[in-house]
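Take a look at the structure below.
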Amino acid sequence: MELWHARDTSSDMLSGGMKRKIFVAMALAANADTVFLDEPTTGLDPLSRLEVWSAIKRLKGTMVLTTHYMEEAAELSDEVFMVETGKIIAKGDIKSLLSKFNGLLRAETSKPVKAKYKIGNTSIEYIKIKDAERYVKMGYSIKPITLDDLFVMRGVNIES
């Protein structure tokens, strides 16, 4: 994880991101049967995040990972448990969790339109693939469905 250069540096002189990488490295170095990682890449720059992901993927054994980053959960997990206010609201592998969205795309705009889902000033619709061109002409950006959309459809604030 590119930590060697920091081996002689006092911890109070390290950036928050470097401290985070060292904590993750220490947890992984323990080589425990089960490793618990809480928000392992919070505060990391994109390159450091990819380095940490790579190290986590090399881990053999069971890992329990808590994260608000759905991209991270999708990248690192064989099975995902989504929790809202202490209750499991969805569980399964990524493919099965997203299967309800087969044939759909996410269309979003910051224009003032009536939409089923609103997050701040962003309006979100879930559309059929065949309708994407029409939505683009109306000024929407089109994105593939991700785990974030499970929360959007439930009206869940991921930060709660």
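If you're matching positions, the sequence shown starts at 1 in the UniProt record's numbering and goes up one per residue.
Glycine included, each C-beta is placed from N, C-alpha and C at the ideal position.
Here the structure is a predicted model, which is why all the values come from computation and not from measurement.
Could you tell me which residues DSSP pairs with residue i in its beta bridges?
i    : result
S123 : T109 and K118
L104 : K128
A90  : M82
Helix, strand or coil, according to DSSP, for residue i in the structure here?
i    : result
V156 : Here the model assigns V156 a pLDDT of 49, short of 50, so the residue's position is not dependable, and the following value carries that caveat. Coil at V156, not helix or strand.
A30  : coil
D38  : strand
L147 : coil
E2   : coil
L65  : strand
M82  : strand
K19  : helix
K60  : coil
S96  : helix
S141 : strand
R49  : helix
L14  : coil
S54  : helix
R7   : coil
L44  : coil
Since residue i contacts residue j with CB under 8 Å, what's their CB separation in whole angstroms?
i    : j    : result
E51  : E2   : 6 Å
I119 : G103 : Between G103 and I119 the Cβ distance is about 23 Å, and since that is not below 8 Å, they are no contact.
I142 : V136 : 6 Å
L28  : A6   : Going by Cβ atoms, the distance from L28 to A6 rounds to 16 Å, so no, they are not a contact pair.
Report yes if the C-beta distance between residue i and residue j is below 8 Å; otherwise report no.
i    : j    : result
A132 : L98  : no
I127 : A107 : yes
L147 : A73  : yes
T62  : D33  : yes
L65  : L37  : yes
V24  : L59  : no
Legend entry - Contact the segment 81-89 vs the segment 101-116: 3+ CB pairs below 8 Å: A contact between stretches requires three or more CB pairs, one per stretch, nearer than 8 Å, and the segment 81-89 fails this requirement with the segment 101-116.
Inset, instruction - Report yes or no: do the segment 43-53 and the segment 14-22 share at least 3 C-beta pairs separated by less than 8 Å? - result: Two segments are said to touch when three or more pairs of C-beta atoms, one from each, lie closer than 8 Å; by this definition the segment 43-53 touches the segment 14-22.
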